[in-house]
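Quick note on numbering: the sequence shown equals residues 140 to 354 in my numbering. Accompanying notes for the structure given below.
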Amino acid sequence: MSPFEGAGRYLPPGAGLDGLRRAAAGCQGCDLHADATQTVFGSGSASARVVLVGEQPGDQEDRQGAPFVGPAGKLLDTALADAGIDRADAYVTNTVKHFRFSRSGTGTRRIHQTPDAAQVAACRPWLSAELCVIDPEMIVLLGATAAKALLGPSFRVTRQRGRLITRPPLDDEAATQNGFYLATIHPSAVLRADDRDAAYAGLVSDLRVAAEALR
Ligand code: URA
Ligand code: SF4
Numbered sequence: 140m141s142p143f144e145g146a147g148r149y150l151p152p153g154a155g156l157d158g159l160r161r162a163a164a165g166c167q168g169c170d171l172h173a174d175a176t177q178t179v180f181g182s183g184s185a186s187a188r189v190v191l192v193g194e195q196p197g198d199q200e201d202r203q204g205a206p207f208v209g210p211a212g213k214l215l216d217t218a219l220a221d222a223g224i225d226r227a228d229a230y231v232t233n234t235v236k237h238f239r240f241s242r243s244g245t246g247t248r249r250i251h252q253t254p255d256a257a258q259v260a261a262c263r264p265w266l267s268a269e270l271c272v273i274d275p276e277m278i279v280l281l282g283a284t285a286a287k288a289l290l291g292p293s294f295r296v297t298r299q300r301g302r303l304i305t306r307p308p309l310d311d312e313a314a315t316q317n318g319f320y321l322a323t324i325h326p327s328a329v330l331r332a333d334d335r336d337a338a339y340a341g342l343v344s345d346l347r348v349a350a351e352a353l354r
């Protein structure tokens with residue numbers, strides 16, 4: 140059981156993306172709202188064919204209020220272009236909508252902390268609602284947090300990345316299409332890798348599998 144009440148009661152029934160975004164701005168479904176600057180909701184078109192799901196906003200995203208606008212986002216933009224995925228066809232969001240961090244010794248630097256399972260569960264209603272509204276053909280899971288949230292805790296990105304995973308229609312009356320999941324590494328993992336070129340090539344090659352399926 141999650142120790143948090145969760146986002147569920149903040150969800151406006153029947154809302155579109157704008158209504159969801161407005162409601163999420165006031166979410167206090169878990170403890171993360173207390174220290175973060177703001178909710179960082181997803182961004183992109185409701186008719187996007189592909190949704191990319193990251194982990195949580197980073198330092199820059201928390202300040203600017205938009206997903207994937209910092210260093211990892213810049214790398215993701217380049218990788219999407221190299222893979223042939225049009226940003227206009229893509230909606231970008233995160234598994235958890237508030238930045239989780241600790242303070243460095245001097246208190247000046249904010250250090251990313253991975254959200255825990257209870258925080259992921261608490262925030263899940265927002266992601267589910269975004270996916271149901273958009274009903275995308277392709278859901279790309281960037282890194283372990285997103286992959287485990289949608290494919291289960293035993294999913295291993297390192298072993299199961301870059302493959303199309305068929306899925307039934309999303310659990311919503313309005314959703315009609317079958318579609319795919321595809322998991323890959325998180326763009327931040329490329330930035331941290333010893334061999335950045337190899338890690339980047341791996342990310343692009345996984346994204347190309349998604350791009351091919353969208354043709
Ligand atoms: N990392 C993420 O997972 N999401 C962002 O929005 C930025 C960095
Ligand atoms: Fe709500 Fe998610 Fe933020 Fe927690 S992380 S307060 S559940 S929006």
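Glycine residues also receive a C-beta, built at the ideal position from the N, C-alpha and C atoms.
Could you pull the start and end residues of the alpha helix (DSSP H) that V348 belongs to?
-> Unbroken alpha helix (DSSP H) run through V348: R335 to L353.
What residue from V231, T323, H251 and D225 has the CA that sits closest to R242's CA?
-> Distance check between R242 and each of V231, T323, H251 and D225 places H251 closest, using alpha-carbon atoms only.
Smallest Cα separation from E208: which of T305, P196 and Q258?
-> At residue 208 the sequence reads Val, which differs from the Glu that was named. The residue with the shortest Cα to Cα distance from V208 is P196.
With DSSP as the reference, label I278 as helix, strand or coil.
-> Taken through DSSP and simplified to helix, strand or coil, I278 comes out as strand.
Spatial neighbours of A229 within its chain, please: CB distance less than 7 Å, with the 5 preceding and 5 following residues excluded, ordered by chain position.
-> Result list for A229: G183, A187, V189, L191 and L219, in chain order.
Could you give the distance in angstroms between the alpha-carbon of A349 and the alpha-carbon of Q299?
-> About 14 Å.
For L303, the three-state DSSP class (helix, strand or coil) | Here L303 sits in coil by DSSP.
Going by C-alpha distance, which of I224, D174 and G223 is nearest D201?
-> It is D174.
Rounded to a whole number of angstroms, what is the C-alpha to C-alpha distance between G244 and H237?
-> Using only the alpha carbons, I get a separation of about 22 Å.
A328 to E351, Cα distance in whole Å?
-> A328 and E351: Cα-Cα distance of roughly 24 Å.
May I ask you to check if the CB of D376 is nearer than 8 Å to at least one heavy atom of the ligand SF4?
-> The requested residue 376 is not part of the displayed model; the chain covers only 140 to 354.
Using a Cβ-Cβ cut-off of 8 Å (strictly less than) and excluding sequence neighbours within five positions of P275, which residues of its own chain qualify?
-> Contacts found: A187, R188, V189, V190, Y230 and G318.
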